[in-house]
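Novice: Heads up: the sequence lines are chains A and B, in that order. Each residue of the first sequence is one higher than the one before, starting from 1 at the first, in my numbering. Each residue of the second sequence is one higher than the one before, starting from 1 at the first, in my numbering. Virtual Cβ for every residue (Gly too), placed ideally from N, Cα, C. Computed from a predicted model, the values in this text were never measured in an experiment. I'd like to ask you about the structure that follows.
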Amino acid sequence: MPDDQLNGRLKVLILEDISTDAELVENELRSAGIEFEARRVDSEESFLKAFEDFSPGIILSDYSLPSFDGESALMLAAGIAPNVPFIFVTGALGEDRAVDLLKSGATDLVLKDRLSRLALCVRRALKEAEEKKLRQRAEDELLRAHAGLERKVEERTKDLRLTMQALRLSEEELRKSHDELELRVQERTAELSASIARLEILNQELQEFAFVASHDLQEPLRKIQTFCDLAQMRCSSALDSVGRGYLDRVIDAASRMRHLLDDLLQFSRVAGRLERFKTVDLGKIIGEAADIFEEKIKEAGVSIETGDLPGIEADESQMLQLFQNLIGNALKYRSSQSLRIRISAKQDGRGYCEIFFEDNGIGFEQQYAERIFKPFQRLHSHTEYEGVGMGLAICRKIAERHGGIIRAESEPGKGSVFIIRLPVMQNKVKAARNSPPEMLER
Amino acid sequence: MAGEDQKAVLMADDDSDDCMLAAEAFVVSGGKAVFDCVADGNELMLYLLERTNSDSKGLPDLILLDLNMPRKDGREVLLEIKSLPALRHIPIVILSTSKEKADIDLTAEAGAKSFITKPSSFGEWVEIMRVLGKEWLTKRAE
């Protein structure tokens, strides 16, 4: 420690009942070049007061005083100003006592008859005190910094804990809403499955009804037709021309009803039949379908061109029915120019085959492209074109039974294209379809 | 009129309309035989068994058999007739609304001579009766 820091600032508290001894001490320090301000006290009271209004930088204390003693002073000083060096300046003292004093916290001990050591001791004590103070300060700062850090860590920890809590909460909420959602999905799925099951039963009942109705209605119709026939043969002479006209109309209507029932029966047979799939050569099937119309085809000069057609897994008789209906349809709705039918196919590489059935017939407005596939839907009256409107409905049913679709593109006067999309193999789609029970044939 | 040469046709059908139409068509087709009708398999068997042991009334020369009848249907009665030595010689023609291959095969196997689906015009009825009369009633008369 540089001397100038001590100089002028050092306050020396001297606990000494003998003023000359105190002067000796002061002289010793002064002669050693230490600048200081001193106060001499000789009682406990004045000693304590000095801490309030003097703030000593060092204490030089006698060991024994008439009204006070050095040891007590040392205890007091240690309590009030533990960093202030406390040096005993005393007369002869036993070695054991000296050691005890030093152990009790005294900084040093100088014998009065060896005062020449005093300045050195004071300097050393002050230096040590200063060093201790600095160390203390550094330690304090360290402690403060540490405390600050600890506080920050604590704050962070708290923040983290809060964040985690919030996260846990939102996670919980998320899980809860997820669970709720799942539950609702399950409920809806169950509802849907139930509805589907109901619909399937209903659909099956409807199909059975259609089958039974069309089958059973055939019998009375056959009677109507036969007895009308009989009446026409046997009783025509008993009727006037008006009556005969009525009978003709009944016969005509009964004949239409016959076609209708035949088609309906066929439609419900397609719907209710179990699949009998095998590999079907479409080219061959189309040839067979065309043969059914051989006469008409020759008569009307119809040309049927077929491209490369694949073999697909299908119900052979239903495929025949499909192309028979399409060719019949094309023949029925041909335009004034001679009918040309082109049938081609391409595979889409995803297990499906698309068959294009094109004609140059009268065509229709595209807006009717869906309607024509509905049962009993016709775009023309049966006086214009005969038929009951089941042909294409049967085609659609057949396509659906094969896990495929049929659709149409057309424009009036520009012909039509029917596009049939069917799976090449049935095993892929079979599982997706329900297999209704085989209809009871009666 | 009933004598040794008098031929007889028996139709077993629960549908009286069809019985009437068939009988009329038989007459229109020029058939001269007796045309009797029974309404089900039980009646048919009674009719036949009654005549098996009778001197005055003979067995029919042709049986027209419907398949779907109450009580005892055509399939059963066909097998029964073909199992009886006294009756199995009588030609049986199936006359039904059915067009099912299963029915056609089954009855052919059981010994039915022919399988005819009931027509829907009287003209056809007459034609059927004419052919049946020619095939099964005149040959043996000659």
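1. At 4 residues or longer, and completely inside the stretch 306-354 of chain A: list those alpha helix (DSSP H) runs for me, N to C.
2. Return helix, strand or coil for residue 220 (chain A), following the three-state DSSP convention.
3. Are the stretch 307-315 of chain A and the stretch 407-426 of chain A in contact at 8 Å, needing three or more beta carbon pairs?
4. Determine the chain A residues that contact residue 118 (chain B) at a beta-carbon separation under 7 Å, and present them in chain order.
5. Beta carbon of residue 69 (chain B), beta carbon of residue 36 (chain B): below 8 Å?
6. Identify the contact partners of residue 229 (chain A) in chain B, using a Cβ-Cβ distance below 9 Å as the criterion.
7. Use the C-beta contact count for residue 131 (chain B): other C-beta atoms within 10 angstroms, 16 or more gives buried, fewer gives exposed.
8. Could you list the residues in the stretch 79-97 of chain B with a C-beta less than 7 Å from some C-beta on chain A, going in chain order?
9. With H, G and I counted as helix, E and B as strand and the rest as coil, what does DSSP make of residue 33 (chain B)?
10. In whole angstroms, give me the CA-to-CA distance for residue 196 (chain A) and residue 374 (chain A).
11. Which value, in whole angstroms, describes the spacing of the CA atoms of residue 133 (chain A) and residue 24 (chain A)?
12. On the criterion of 16 or more Cβ atoms from any shown chain inside 10 Å, does residue 170 (chain A) qualify as buried, or is it exposed?
13. Count the other CB atoms, across all protein chains shown, that sit within 10 Å of the CB of residue 406 (chain A); report buried if there are 16 or more and exposed otherwise.
14. Exposed or buried, residue 246 (chain A), counting other C-beta atoms within 10 Å across all chains shown (16 or more means buried)?
15. Do residue 60 (chain B) and residue 10 (chain B) come within 8 Å of each other at the CB atom, strictly closer than that value?
16. Within 10 Å of its beta-carbon, does residue 20 (chain B) have 16 or more other beta-carbons around it, so buried, or fewer, so exposed?
17. Taking the straight line between their C-alpha atoms, what separation do you get for residue 324 (chain A) and residue 73 (chain B)?
18. Going along the chain, which residues of its own chain have a beta-carbon closer than 6 Å to the beta-carbon of residue 63 (chain B), five neighbours each way excluded?
19. Between the Cα of residue 284 (chain A) and those of A:298, A:293, A:319, spot the shortest distance and give me the residue it belongs to.
20. Would you kindly report the start and end of the unbroken alpha helix (DSSP H) that includes residue 286 (chain A)?
21. Roughly how many angstroms separate the alpha carbons of residue 50 (chain B) and residue 44 (chain B), rounded to a whole number?
22. When you compare each of A:168, A:258, A:264 to residue 209 (chain A) by their alpha carbons, which one comes out closest?
23. Can a CB atom of chain A be found closer than 8 Å to the CB of residue 17 (chain B)?
24. Using 8 Å as the threshold, is the stretch 119-127 of chain A in touch with the stretch 68-79 of chain A, meaning 3 or more CB pairs across them?
25. Is DSSP giving residue 57 (chain B) helix, strand or coil here?
26. From what residue to what residue does the alpha helix (DSSP H) around residue 126 (chain B) run?
27. Take the Cβ of residue 240 (chain A) as the centre, count every other Cβ of all protein chains shown within 10 Å, and call the residue buried at 16 or more, exposed below.
28. Residue 80 (chain A) lies in the beta strand (DSSP E); which residues open and close that run?
29. Among B:18, B:65, B:47, B:123, whose alpha-carbon lies nearest the alpha-carbon of residue 58 (chain B)?
30. Using the rule of at least 16 other Cβ atoms within 10 Å of the residue's Cβ for burial, across every protein chain shown, is residue 235 (chain A) buried or exposed?
31. Using a Cβ-Cβ cut-off of 8 Å, state whether residue 257 (chain A) counts as contacting chain B.
32. Specify the secondary structure class of residue 439 (chain A) as computed by DSSP and reduced to three states.
33. What does the alpha-carbon distance come out to for the pair residue 1 (chain A) and residue 156 (chain A)?
34. If you draw a straight line from the alpha carbon of residue 224 (chain A) to that of residue 96 (chain B), how long is it in whole angstroms?
35. Which residues does DSSP list as the beta-bridge partners of residue 90 (chain A)?
36. Leaving out five residues before and five after residue 369 (chain A) in sequence, what residues of the same chain have Cβ atoms less than 6 Å from its Cβ?
Specialist: According to the data block:
1. Runs of the alpha helix (DSSP H) inside the stretch 306-354 of chain A: 316-332.
2. Correct three-state label for residue 220 (chain A): helix.
3. In short, these stretches touch, since the Cβ pair count reaches three.
4. In chain order: 222.
5. In terms of Cβ geometry, residue 69 (chain B) and residue 36 (chain B) do not form a close pair [threshold 8 Å].
6. Those within 9 Å of residue 229 (chain A) in chain B are 120, 121, 122, 123, 124, 125.
7. Burial call: exposed.
8. Cβ contacts with chain A: 97.
9. Correct three-state label for residue 33 (chain B): coil.
10. Here the alpha carbon of residue 196 (chain A) sits roughly 22 Å from the alpha carbon of residue 374 (chain A).
11. About 29 Å.
12. By the 10 Å Cβ count, residue 170 (chain A) comes out exposed.
13. Buried is the call here.
14. Classification for residue 246 (chain A): exposed.
15. Result yes, Cβ atoms of residue 10 (chain B) and residue 60 (chain B) sit closer than 8 Å.
16. With fewer than 16 Cβ atoms within 10 Å of its Cβ, residue 20 (chain B) is classed as exposed.
17. Approximately 37 Å, taken between the alpha carbons.
18. The beta carbon of residue 63 (chain B) sits closer than 6 Å to those of 10, 90, 92, all from its chain and outside the five residues before and after it, given in chain order.
19. Here the closest residue by C-alpha is A:319.
20. Counting along the chain, residue 286 (chain A) sits inside the alpha helix (DSSP H) bounded by residues 282-292.
21. The alpha-carbon separation between residue 50 (chain B) and residue 44 (chain B) amounts to approximately 10 Å.
22. Here the closest residue by C-alpha is A:264.
23. Interface residue (Cβ-Cβ distance to chain A less than 8 Å): residue 17 (chain B) is classified as such.
24. For the pair of segments examined, the stretch 119-127 of chain A was found not to touch the stretch 68-79 of chain A: the number of CB pairs separated by less than 8 Å stays below three.
25. In this structure, DSSP gives residue 57 (chain B) a state outside helix and strand, which the three-state scheme calls coil.
26. Residue 126 (chain B) -> alpha helix (DSSP H) spans 122-133.
27. Burial call: exposed.
28. For residue 80 (chain A), there is no enclosing beta strand (DSSP E); the enclosing alpha helix (DSSP H) has its first and last residue at 70-80.
29. Minimum Cα distance to residue 58 (chain B) is reached at B:47.
30. Only exposed fits residue 235 (chain A), as fewer than 16 other CB atoms lie within 10 angstroms of its CB.
31. It does not; no Cβ of chain B falls within 8 Å.
32. Low local confidence applies: a pLDDT of 39 at residue 439 (chain A) is under 50, so the model's placement there is unreliable, with the coordinate-based value given in what follows. When secondary structure is reduced to three states using DSSP, residue 439 (chain A) falls in the coil class, being assigned neither helix nor strand.
33. Note that residue 1 (chain A) has pLDDT 42, beneath the 50 cutoff, so the model's placement of it is unreliable and the number below is only indicative. Going from the Cα of residue 1 (chain A) to the Cα of residue 156 (chain A) covers about 43 Å.
34. One C-alpha to the other measures close to 17 Å.
35. Per the DSSP secondary-structure output, residue 90 (chain A) pairs in a beta bridge with A:111.
36. Residues of the same chain with a CB within less than 6 Å of the CB of residue 369 (chain A), apart from the 5 flanking positions on each side, are 408 in chain order.
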